[in-house]
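Undergrad: Got a structure for you, questions after.
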Amino acid sequence: MALNSYFDFAENDFQYFKASYDAGIVANMMGAMAQGICEKYMKHLISEYYKPDDAMQQKDFENILRTHSLNRLMKFLKANMGAEFSKNTQTHMRMIDGFYFSTRYPGDDSIEIDGDDVETCNDAIELCRTEVLELERELKKCEV
């Protein structure tokens, strides 16, 4: 599989996460990976379907693609594209928002992932992926 888009990378990471999850692995990288997967799925929608109208919107577009914040990505999708996740999905993604840093580096904000966290990560990914695919179908209809 050629990795040419945010979606391709998200799917590749998703397959790796699922194999690790199914094998019962509990590791900090699972948290960082979960956030990154959701991030890439949302960035896919933005990079493929958001069309800036002016220089300010272009700058916003470039900036949002640099963030790791799931909350900021969700807000951008809602405010700029009318693409909103269900409350349940939003809650799950907010629960893992920040894992990209807190599970990878030592410091006052670092955490150690446990089995419950991995379950939350899996749920967040599944919910995000399902809704991104649904939102993409809706966005494609609007393009026609």
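Taking this note's numbering, the leading residue of the sequence shown gets 132, the next gets one more, and so forth. Don't be surprised by glycine CBs; every beta carbon is placed ideally from N, CA and C.
In whole angstroms, give me the CA-to-CA distance for F192 and E262.
TA: Approximately 21 Å, taken between the alpha carbons.
Undergrad: DSSP on K182, reduced to helix/strand/coil?
TA: In the structure shown, K182 sits in coil (DSSP, three-state: anything other than H, G, I, E or B).
Undergrad: Put T234 into one of helix, strand or coil per three-state DSSP.
TA: Coil.
Undergrad: Between D247, F230, V249 and G246, which lies nearest to D240 when the distance is taken from Cα to Cα?
TA: Comparing Cα-Cα distances from D240 to each of D247, F230, V249 and G246, the minimum goes to F230.
Undergrad: Relative to the C-alpha of V249, which candidate in K149, N135 and T222 has its C-alpha closest?
TA: Taking only the C-alpha atoms, the option nearest V249 is K149.
Undergrad: Would you say the beta carbon of S200 comes nearer than 6 Å to a heavy atom of the ligand ADP?
TA: In the structure on display, the ligand ADP does not appear, and there are no ligands present to speak of.
Undergrad: In whole angstroms, what is the alpha-carbon distance linking L208 and M173?
TA: Each residue's Cα considered, the two are about 8 Å apart.
Undergrad: Could you compute how far the alpha carbon of K182 sits from the alpha carbon of Q146?
TA: Going by the C-alpha atoms only, they are around 30 Å apart.
Undergrad: To the nearest whole angstrom, what separates the beta carbons of L258 and N219, a pair I think is in contact under 8 Å?
TA: Indeed, because the Cβ distance is near 6 Å, the residues count as touching under 8 Å.
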